[in-house]
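Novice:
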Amino acid sequence: MTGSYRIAGVGGQGVITMGKAISTILMMEKLDPVMSEIHGLSQRGGSVVSDVKFGGARSPILMEGDAEFLIGLKTSEAISNMYILNSEGICIGNRINPGREEVVLDLVDGKKIYWIDCDSIAGHDASGSVNMILLGFLCAADNRMPIESAVDFISSSFGSSVSEKNIKMLKKGYEAGKKFIPDQN
Amino acid sequence: MILSEEQKGEKGKKVLMLGNEAIARGLLENGNAFSATYPGTPSSEVGNMLEREGKKNGTYFQYSINEKVAYEIAYGASLSGLRSSVFMKHVGLNVASDPFVTSVYTGIGGGMIVMVADDPSMFSSQNEQDSRRYADLAHAPMIEPSTPQECKDFVRYAFEVSEKYSVPVLYRTSTRVSHMRASVELGEIRNAVRVHNDVKEMRGNTTSLPSNARRLKSELLHKMSSLGVDQDFSSLNRIEKYGNTRTGIITSGSSYNQVVDAVFSMGIDMNVLKLGLTNPIPQEITEKFLKENDQILVVEELDPYLETKIRAYRDILGNGAVIHGKLDRHMPWLYEMNPHTVRNGIRMMLGQEVEKISTPKPASRPDFCPGCPHRSSFYTIKRALKLAGKSNMVLASDIGCYSLSYYEPYSTADIMLDMGASISVGSGISIATGEKVAAFIGDSTFYHSGITALTNAVRSGANMLVFILDNSTTAMTGQEPTPENDAVVNGMEFKGISLENIIRACGVENLTIANSFNQKELMKTVMSSLKNDGVSVIVSKGECALIDRKEKAAREKYMVVTEKCSVCRNCIDNFHCPAIQQDSEGHIFIDPVQCDGCGMCSDIYVCPFKAIEVVQ
Ligand code: SF4
Ligand code: SF4
């Protein structure tokens, strides 16, 4: 089994934390992840991406059309990274949806784009929790990422009060995913 | 706060680690005692981690003023018997090359590792030099890990080679190895090692007079040929066989990862010789590989370093394989390897059709962070130059975040060469043309290489306005301290060194300190300093937006009051804070996620309609 993920967002949104979360969960599942990070000049001014691959991949580099999942913490970053998805790829992107629906699904040439209105799911301004909500949604969309492992990652990585808040947001994202995505195998 | 994985780690445990963190961990597990660095992407996280965790095994660590000094300090510690190490980016090794090359002659005491990180594709660098050439040039042993696990494990061999042959060892990575995160199995931390070494007894080696150097050079050549056949370090290299074939690939470092992925994705048979020791090329295994294969592709990033050596080897052996690589255009000379370029190289070797390569998306143009002091400085300086009718002045920039002022709308950089060059190149232009030139240099870069340049500029009568953009940190690489900051090193407190005193000591008489975030005051200062002859200095002080991000996260954000906004777009077109955006209906708004709350956009100089206010 192999898999590949790109996480895209802007500085301060927790792109690297998200990459570490996905990698750690995959490690718990004995799936041997590799992850790339961008530092220095190319990180300035906003856009940050991190790629994760697992299942025997030695190099984390993703090229156009390689990724199974794109997690966009910001709408514009999700859109500008859409090229990375393969033909059946899934994008999980943060967006304010027109009617404030929690989740909107767009289908573009076989790709599934789930637009998640994180504020609406959180019930308030979710800017600090976007990565947790999307991680929860990803756990619902990707059967290699058990929600229990995500909870374990959070409790072992943050202090108790932050953990509690993050787990709450993770679960909201997860429930939204379970509700919206029909029959995940 | 996330506990770093390595803090929680213990022997036998597998943790997720960055390549650079794994190197630091390897140092702690192998009795490293002394480390120095000048930070530079992609090498910085080695120092960052040792700063936090060096105490675990008693390692002394310092951020030095520049790479040359870092090198010499570590060399001094090695001569005193300590296992020592120094880390830098590729261009940093240019700065440290002077002591490096000669120290390979003189020999060392405690094992010494010189970690250098190359940056193929220039993610965060001004050139794409191949630092492996330095190993050749200096006749220094070189070790190249490919994965975070090897980053840690090969440290052991690097110290052993260094001590067995009494030479510093080049430990070479590239961006994709240094910044790759993967699972690493930890070993035990080992207390800092001090071997017996008496500098006095070594003086016939460590005083590099020609009479000594002649003997040392011949000894060095001898050491290198012995290392080439030394079986003690054979586990650095290995042959991997995929299926049954007489076709092979020779590779090392990051390229190895690309090679294995490419071979798997193509589902072909291939033999792979993976070299961990890349100077000297290990003789036995290479000869074996040349005999067992009829065709060999050399896959490496940047220059045909291995390829040239392998071709020479084949010629000496006389019976070896046909070699392909960069010299016969099977592989590109430019940029880092990716799965496409490697697959195409293999296809060419096998006489198959090559696939069309999709050009990788160019990275989006970098910009100053929201809340960056430099945005405010350059916005104001540009206006001042325009007002004073000096928009044609030559503007020399330097290495650091502020070089992003090259881009629109700031356009306040005409030159950027190397650390400290803003002042020296600028003074050359001023002397040659008789015109006033402006130079922009950050505080950390000024300490690194600007002090000598400034002294020289004053001495040579240059007509210059030098801006020292003092953001109190080495921002680009990860907010490392500068000599201006107070510091506690090994329990001893050190007072920061005054930037002002240094500038004055360089002979500068016209010195003004301004606040980057006070546009009115900065404007006035620039206008009046432009009238001076000789060298004037303006220190524009404003803290990097990434310092104390937590504290700043609590700051008020700003918003655009739509009724007051005339949509003149000055805040977007000329000030260019990424947090300020225009929506599909044409309204200007501020993205609260990105806004740093610096308040600069609410200044009348940015928003003449006073439409930007604190969020209520
Ligand atoms: S890191 Fe600091 S100095 Fe560099 S662009 Fe960001 S705010 Fe400015
Ligand atoms: S206050 Fe204005 S200039 Fe400062 S970060 Fe926010 S939007 Fe940008």
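These protein sequence lines map, in sequence, to chains A and V.
If you're matching positions, the first sequence starts at 56 in the numbering used here and goes up one per residue.
If you're matching positions, the second sequence starts at 4 in the numbering used here and goes up one per residue.
Every residue, glycine too, gets a C-beta built ideally from N, C-alpha and C.
As the structure is a computational prediction, the values presented were derived from the model and not from experiment.
1) Report yes if the C-beta of Gly-674(V) is less than 6 angstroms from at least one heavy atom of ligand 2; otherwise report no.
2) For Gln-239(A), count neighbouring C-beta atoms within 10 Å of its own C-beta (all shown protein chains included) and say buried if the count is 16 or more, exposed if not.
3) Buried or exposed: which applies to Gly-74(A), given that a residue is buried once 16 or more other Cβ atoms fall within 10 Å of its Cβ?
4) Which residue from Ile-516(V), Val-538(V), Gln-152(V) puts its Cα closest to that of Glu-15(V)?
5) Taking the C-alpha atoms as reference points, what is the distance between Asp-133(V) and Leu-162(A)?
6) According to a CB-to-CB cut-off of less than 8 angstroms, which residues of the stretch 456-490 of chain V neighbour chain A?
7) How is the alpha helix (DSSP H) around Phe-612(V) delimited, first residue to last?
8) Does the beta-carbon distance from Val-49(V) to Phe-90(V) come in below 7 angstroms?
9) Sorry if obvious, but does the Cβ on Asn-488(V) come closer than 6 angstroms to a heavy atom of ligand 1?
10) Nearest chain A C-beta to Gln-298(V) closer than 7 angstroms, yes or no?
11) Looking at Asn-260(V) and Arg-113(A), is the spacing between their C-beta atoms short of 7 angstroms?
12) May I ask you to list, following chain order, the residues of the stretch 26-45 of chain V that have a beta carbon less than 8 angstroms from some beta carbon of chain A?
13) Name the chain V residues whose beta carbon is nearer than 8 angstroms to that of Met-187(A)?
14) Taking Ser-255(V) and Lys-277(V) to be in contact with their CB atoms under 8 angstroms, please state how far apart those CB atoms are, rounded to whole angstroms.
15) For Ala-548(V), I'd like the list of residues in its chain whose CB is within less than 6 angstroms of its CB, leaving aside the five on either flank, ordered along the chain.
16) What are the boundary residues of the beta strand (DSSP E) that Phe-470(V) is part of?
17) Could you work out which residue in Arg-199(A), Ile-93(A), Gly-127(A) is closest to Phe-126(V) when comparing CA atoms only?
18) For ligand 1, is there a heavy atom less than 6 angstroms away from the beta-carbon of Leu-549(V)?
19) Per the contact definition of three or more C-beta pairs closer than 8 angstroms, is the stretch 463-482 of chain V in contact with the stretch 438-451 of chain V?
20) Please find out if some non-hydrogen atom of ligand 1 comes closer than 6 angstroms to the beta-carbon of Phe-371(V).
21) Give me the Cβ distance between Ile-116(V) and Ser-88(V), rounded to the nearest whole Å; I'm assuming they're in contact under 8 angstroms.
22) State the DSSP-derived secondary structure class of Gly-545(V), mapped to helix, strand or coil.
23) In chain order, which continuous runs of the alpha helix (DSSP H) of length 4 or greater are located wholly inside the stretch 356-408 of chain V?
24) In chain order, what residues of the same chain have a beta carbon less than 6 angstroms from the beta carbon of Lys-167(A), not counting five sequence neighbours either side?
25) On the DSSP bridge assignment, give the partners of Trp-170(A) in chain order.
26) Glu-230(A) versus chain V: which residues are under 9 angstroms apart at the beta carbon?
27) Counting only Cβ-Cβ distances shorter than 8 angstroms, please list the residues of the stretch 151-185 of chain V near chain A, keeping chain order.
28) By the three-class DSSP mapping on this structure, what secondary structure does Gly-112(V) have?
29) Taking C-alpha atoms, which residue in Met-20(V), Gly-29(V), Ser-532(V), Gly-43(V) lies nearest to Ala-478(V)?
30) Say the cut is 6 angstroms; is the CB of Asn-60(V) nearer than that to a heavy atom of ligand 1?
31) Should Gln-597(V) go down as buried or exposed, given a rule of 16 or more other Cβ atoms within 10 Å for buried?
32) Is the Cβ-Cβ distance between Ser-186(V) and Gly-22(V) less than 7 angstroms?
33) DSSP three-state label for Ser-59(A), please.
34) Figure out for me which residue from Arg-368(V), Ile-253(V), Tyr-410(V), Ile-432(V) has the closest Cα to the Cα of Met-396(V).
35) Mapping the DSSP letters down to three states, classify Gln-522(V) as helix, strand or coil.
36) At what residues does the alpha helix (DSSP H) containing Arg-136(V) begin and finish?
Specialist: Let's see:
1) This structure cannot speak to residue 674(V), because chain V is shown only from 4 to 619.
2) Legend: pLDDT at Gln-239(A) = 47, less than 50; position of this residue unreliable, value from coordinates given subsequently. Flag for Gln-239(A) reads exposed.
3) Here Gly-74(A) is buried. Its C-beta has 16 or more other C-beta atoms within 10 Å.
4) The sequence as given places Gly at residue 15(V); Glu does not occur at that position. Considering only alpha carbons, the answer is Gln-152(V).
5) In this structure, the alpha-carbon of Asp-133(V) lies about 45 angstroms from that of Leu-162(A).
6) Considering only beta carbons, the part of the stretch 456-490 of chain V lying closer than 8 angstroms to chain A consists of Met-479, Thr-480, Gly-481, in chain order.
7) Where Phe-612(V) is concerned, there is no enclosing alpha helix (DSSP H), because DSSP gives it neither an H nor an E.
8) Between Val-49(V) and Phe-90(V), the C-beta gap is smaller than 7 angstroms, which places the two residues in contact.
9) Not under cutoff, so the answer is no.
10) Among the residues facing chain A, Gln-298(V) is not included, as its CB has no counterpart in that chain under 7 angstroms away.
11) Yes, the pair counts as a contact, with Cβ atoms nearer than the cut-off.
12) Of all residues in the stretch 26-45 of chain V, only Thr-44, Pro-45 place a beta-carbon less than 8 angstroms from a beta-carbon of chain A.
13) Within 8 angstroms Cβ-Cβ: nothing; Met-187(A) doesn't reach chain V, min ~14 angstroms.
14) The Cβ separation is near 7 angstroms, so the contact holds.
15) Within the same chain, Ala-548(V) has close Cβ partners Cys-372, Gly-374, Cys-375, Asp-599.
16) In this chain, the beta strand (DSSP E) harbouring Phe-470(V) covers 467-473.
17) Comparing Cα positions, the closest option is Ile-93(A).
18) True, at least one ligand heavy atom lies under 6 angstroms from that Cβ.
19) Yes, the stretch 438-451 of chain V touches the stretch 463-482 of chain V.
20) Flag set: Cβ of Phe-371(V) near ligand 1.
21) Right, their Cβ atoms sit about 4 angstroms apart.
22) Look at Gly-545(V) here: in three-state DSSP terms it is coil, with no helix or strand label.
23) Counting only runs of 4 or more, we get 376-390.
24) Excluding five sequence positions before and after Lys-167(A), the CB atoms of its chain that fall closer than 6 angstroms to its own CB belong to Ile-145, given in chain order.
25) In the DSSP output, where bridge partners are listed per residue, Trp-170(A) has Gly-148(A), Val-159(A).
26) Residues of chain V whose Cβ lies closer than 9 angstroms to the Cβ of Glu-230(A) do not exist; the shortest such Cβ separation is about 24 angstroms.
27) Those residues of the stretch 151-185 of chain V placed with their C-beta closer than 8 angstroms to a C-beta in chain A are Arg-179, His-182, Met-183, Arg-184, Ala-185, ordered along the chain.
28) Coil, per DSSP.
29) Minimum Cα distance to Ala-478(V) is reached at Gly-43(V).
30) Asn-60(V) has its CB no nearer than 6 angstroms to any heavy atom of ligand 1.
31) With 16 or more Cβ atoms within 10 Å of its Cβ, Gln-597(V) is classed as buried.
32) Taking 7 angstroms as the Cβ cut-off, Ser-186(V) and Gly-22(V) do not qualify as a contacting pair.
33) It is a strand residue.
34) Each of Arg-368(V), Ile-253(V), Tyr-410(V), Ile-432(V) was checked against the Cα of Met-396(V), and the nearest Cα belongs to Ile-432(V).
35) Reduced to three states, the DSSP call for Gln-522(V) is helix.
36) Counting along the chain, the alpha helix (DSSP H) containing Arg-136(V) begins and ends at 135-141.
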